[in-house]
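Undergrad: One structure, pasted below without further comment.
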Amino acid sequence: MTLAAFALETISTPNCGTLPKPELSGVALVAFAFAVFTLALVFHVALWQVRVPKRQSLTLLVLLLGTFPVAVAVAHLVPPLEPFAPVGVGPTLHAGLFHLAFSLAYIVTYSALAEDSPTCSILVYVADAGEAGRSEADLMQLVSNEMIVGPRFDGLVTGGVIAPTDDGSRFVLTPKGRRWATLFATFRRVYRLRKGG
Amino acid sequence: MDWSAVLALAALAGLAADFLGHVISAQFASRPAPAILMGILAGLAVTLGVSGFALAKLDADPVDGVAYLGLNLATFLALAYGYFNFVNLNMTSLRIRLLQEFLESPDGLTRDGVLERYDSRELVRRRIARLTEQGHLARSSDRFLSRRSVLLPIARTLDSLKWIVLRRRNRLIAAAEKAASSSS
């Protein structure tokens, strides 16, 4: 039986859409959901100790989200784990949404890990100085153009968000970049936010 | 009505309420933070309300009910955290600021022009002003001091996670400390 056929059979069982079987309590579902997400995190950290992938966010997304269907299948196939396996649409959706929400939240956090946030760096740098504090000049030295603005500009070029004009003298938004810029400008208007950055 | 599916999706309904509550509040609030908080409270209320209603309809065992409620609460908080970060990107992300600069310059910009227009000194000044305004830093004559801040433990946790996951320190702080030690 293929994994897809197995999954289809699992979610289309007769008690689909009802409360889980008596042996799968809410507590068991919570335990399953937390255990699967923890397992995915442990797997991610272990893998990163061996080698940090080139496309970090994409790899992380595939790894975290891919763990859930595999864990559901394993829980159904391995008898000692069967009491924890979600059966039916409701419980599977419940644990799945938890896993999705925590995976996305972790990916958001991870992007803050991969890049050094100037705001967080300023906070820690000032706190580390204790009562002596830091001067504005100290903080200016902390964040240089070379380390912050330049790499982000270059990132927009390599990401296909901006491209040089025909004569190569200037950079303009690509169609993809224009879509993103318009989307964020719309959200800024809806949220009534000032220009950020 | 499939109440177990309703129970499963309560956190998503909470996220929708978070978005709506935030957008509506933002039209009246003078600062972003209260609007964001209103959104989160609206989302929490909807998540708990929908979960409680579905659990009552399902006639769930009390212990299971608490477990399901906890799961939904955790799921909503994770979704709200993601949404908050999306909103925060619009306020603090340098990349998004650069996108806005390009959108407002149809003739394009040069790399040097961008670095000149939006250099790191401007970036640091904005952040110092924001952190001081929000009470995370205090100014005492020409020095900036750390204050009791909810952001500081978050920043320290991120630095610890950076060490655990990526096996490296904060590069900005490491470079600044290296420069300071070589000059002294």
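Chains A and B, in that order, give the protein sequences.
Mapping of the first sequence onto my numbering: residues 227 to 423, in sequence order.
Mapping of the second sequence onto my numbering: residues 10 to 193, in sequence order.
Ideal Cβ placement from N, Cα and C applies to all residues, glycine included.
1) Just to confirm, are isoleucine 374 of chain A and leucine 382 of chain A a CB contact at a threshold of 7 Å?
2) State the DSSP-derived secondary structure class of serine 39 of chain B, mapped to helix, strand or coil.
3) Taking beta-carbon pairs under 8 Å, can you tell me which members of the segment 384-404 of chain A lie near chain B?
4) By alpha-carbon positions, which one of B:Asn99, B:Val55, B:Tyr92 ends up nearest to arginine 420 of chain A?
5) According to the neighbour-count rule (16 or more other Cβ atoms, all chains shown, within 10 Å of its Cβ), is leucine 436 of chain A buried or exposed?
6) Under 7 Å Cβ to Cβ from serine 60 of chain B, same chain only, skipping five residues before and after it: list those, please.
7) DSSP on proline 115 of chain B, reduced to helix/strand/coil?
8) Does the Cβ-Cβ distance between leucine 124 of chain B and asparagine 371 of chain A come in under 7 Å?
9) Just the C-alpha distance for leucine 330 of chain A and glycine 91 of chain B, rounded to the nearest angstrom, thanks.
10) Can you name, in chain order, every residue of its own chain whose Cβ lies under 8 Å from the Cβ of phenylalanine 111 of chain B, other than the five neighbours on each side?
11) For the segment 263-285 of chain A, which residues have a CB atom closer than 7 Å to at least one CB atom of chain B, in sequence order?
12) Judging by CA-CA distance, which residue of B:Val72, B:Pro115, B:Ala35, B:Ser129 is the nearest neighbour of methionine 366 of chain A?
13) Is alanine 407 of chain A helix, strand or coil by DSSP?
14) How is the alpha helix (DSSP H) around valine 398 of chain A delimited, first residue to last?
15) Touch check for the segment 338-348 of chain A and the segment 295-313 of chain A: three-plus C-beta pairs under 8 Å?
16) For serine 158 of chain B, I'd like the list of residues in its chain whose CB is within less than 6 Å of its CB, leaving aside the five on either flank, ordered along the chain.
17) Taking 7 Å as the cut-off, decide whether the C-beta atoms of leucine 368 of chain A and leucine 181 of chain B are in contact.
18) Determine whether the beta carbon atoms of leucine 291 of chain A and histidine 270 of chain A lie at a separation below 7 Å.
19) Hey, is proline 248 of chain A's beta-carbon within less than 7 Å of any beta-carbon in chain B?
20) Can you check DSSP and say which residues form a bridge with proline 317 of chain A?
21) Mind checking if leucine 289 of chain A is an interface residue toward chain B, Cβ cutoff 7 Å exclusive?
22) Taking only three categories from DSSP, how would you classify arginine 152 of chain B?
23) What would DSSP say about leucine 323 of chain A, mapped onto helix, strand or coil?
24) Could you tell me the alpha carbon to alpha carbon distance between threonine 408 of chain A and valine 96 of chain B, rounded to whole angstroms?
25) Between which two residues does the alpha helix (DSSP H) carrying proline 390 of chain A extend?
26) Would you report the Cα separation of alanine 411 of chain A and glutamine 109 of chain B, rounded to the nearest angstrom?
27) Consider the Cβ of lysine 92 of chain B: report whether some Cβ of chain A lies at a distance smaller than 7 Å.
28) Taking all protein chains shown into account, decide if valine 296 of chain A is buried (16 or more other Cβ within 10 angstroms of its Cβ) or exposed.
29) Which runs of the beta strand (DSSP E) spanning at least 3 residues fall entirely within the segment 336-398 of chain A, listed in chain order?
30) Given that a residue counts as buried once 16 or more other Cβ atoms are within 10 Å of its Cβ, and exposed if not, what is threonine 264 of chain A?
31) Do the segment 159-168 of chain B and the segment 130-137 of chain B make contact, defined as three or more Cβ pairs closer than 8 Å?
32) List the residues of chain A whose Cβ lies closer than 8 Å to the Cβ of arginine 152 of chain B, in chain order.
33) Apply the 10 Å Cβ neighbour rule to aspartate 121 of chain B and answer buried if 16 or more other Cβ atoms are within range, or exposed otherwise.
34) With H, G and I counted as helix, E and B as strand and the rest as coil, what does DSSP make of leucine 9 of chain B?
TA: Taking the coordinates as given:
1) Residue 374 of chain A sits at position 148 when you count from the first residue of the first sequence. Residue 382 of chain A sits at position 156 when you count from the first residue of the first sequence. It is not a contact, given that the beta carbons lie outside the stated cut-off.
2) The sequence position of residue 39 of chain B within the second sequence is 30, counting from 1. Coil at serine 39 of chain B, not helix or strand.
3) Val387, Ile388, Thr391, Ser395, Arg396, Phe397, Val398, Leu399, Gly403, Arg404
4) Taking the first sequence and counting its residues from 1, the one referred to as residue 420 of chain A is at position 194. Here the closest residue by C-alpha is B:Asn99.
5) No answer is possible for residue 436 of chain A: the residues shown for chain A start at 227 and end at 423.
6) Residue numbering aside, residue 60 of chain B sits at position 51 when the second sequence is read from its first letter. Correct list, in chain order: Leu16, Ala19, Tyr77, Leu78, Asn81.
7) Position 106 of the second sequence holds residue 115 of chain B. Three-state DSSP puts proline 115 of chain B in coil, outside helix and strand.
8) Position 115 of the second sequence holds residue 124 of chain B. Position 145 of the first sequence holds residue 371 of chain A. In this structure, asparagine 371 of chain A lies closer than 7 Å to leucine 124 of chain B by Cβ.
9) Here residue 330 of chain A refers to the residue found at position 104 of the first sequence. Here residue 91 of chain B refers to the residue found at position 82 of the second sequence. When rounded, the distance between both Cα atoms is 7 Å.
10) Working through the second sequence from its first residue, we reach residue 111 of chain B at position 102. Contacts found: Gly117, Leu118.
11) Val271, Trp274, Val278
12) Sequence index remark: in the first sequence, residue 366 of chain A carries index 140 (1-based). Residue B:Ser129 is the option with its Cα nearest to methionine 366 of chain A.
13) Sequence index remark: in the first sequence, residue 407 of chain A carries index 181 (1-based). Alanine 407 of chain A falls in the helix class under three-state DSSP.
14) Along the first sequence, one-based indexing puts residue 398 of chain A at 172. Looking at the DSSP string, valine 398 of chain A is not in any alpha helix (DSSP H); the run it does join, the beta strand (DSSP E), is 397-399.
15) no
16) Counting from 1 along the second sequence, the entry for residue 158 of chain B is found at position 149. Closer than 6 Å at Cβ, skipping near neighbours: His145.
17) By one-based count along the first sequence, residue 368 of chain A stands at place 142. By one-based count along the second sequence, residue 181 of chain B stands at place 172. It is a contact, given that the beta carbons lie within the stated cut-off.
18) On the first sequence, position 65 is the one that residue 291 of chain A refers to. On the first sequence, position 44 is the one that residue 270 of chain A refers to. No.
19) On the first sequence, position 22 is the one that residue 248 of chain A refers to. For proline 248 of chain A, the pLDDT reaches just 43, beneath the cut-off of 50, and the residue's location in the model is therefore unreliable, leaving the point undetermined.
20) To locate residue 317 of chain A, count along the first sequence from 1; it is residue 91. The partner list for proline 317 of chain A (beta bridge, DSSP) is empty, contrary to what the question assumes.
21) What you label residue 289 of chain A is simply residue 63 of the first sequence in a count that begins at 1. Judged by the 7 Å Cβ criterion, leucine 289 of chain A is not in contact with chain B.
22) The residue labelled residue 152 of chain B in the question sits at position 143 within the second sequence. Reduced to three states, the DSSP call for arginine 152 of chain B is strand.
23) Start at 1 with the first residue of the first sequence, and residue 323 of chain A comes out as number 97. Correct three-state label for leucine 323 of chain A: helix.
24) Mapped onto the first sequence, residue 408 of chain A falls at position 182. Mapped onto the second sequence, residue 96 of chain B falls at position 87. Those two C-alpha atoms are separated by around 15 Å.
25) Your numbering for residue 390 of chain A matches position 164 in the first sequence. Segment 388-390 is the beta strand (DSSP E) holding proline 390 of chain A; no alpha helix (DSSP H) there.
26) Here the question's residue 411 of chain A lines up with position 185 in the first sequence. Here the question's residue 109 of chain B lines up with position 100 in the second sequence. For alanine 411 of chain A and glutamine 109 of chain B, the distance between alpha carbons rounds to 7 Å.
27) Taking the second sequence and counting its residues from 1, one reaches residue 92 of chain B at position 83. The question names lysine, but residue 92 of chain B is tyrosine in the sequence shown. No, because no Cβ of chain A sits closer than 7 Å to the Cβ of tyrosine 92 of chain B.
28) Against the first sequence, residue 296 of chain A aligns to sequence position 70. Classification of valine 296 of chain A: exposed, given that the 10 Å Cβ count is below 16.
29) 388-390
30) Locating residue 264 of chain A in the first sequence gives position 38, where the first residue counts as 1. Exposed is the call here.
31) no
32) Along the second sequence, read from residue 1 onward, the residue named residue 152 of chain B stands at position 143. Going along chain A in sequence order, the residues near arginine 152 of chain B (Cβ under 8 Å) are Ala358, Gly359, Arg360, Ser361.
33) Residue 121 of chain B sits at position 112 when you count from the first residue of the second sequence. Under this definition aspartate 121 of chain B is an exposed residue.
34) Missing from the structure shown is residue 9 of chain B; chain B here goes from 10 to 193 and no further.
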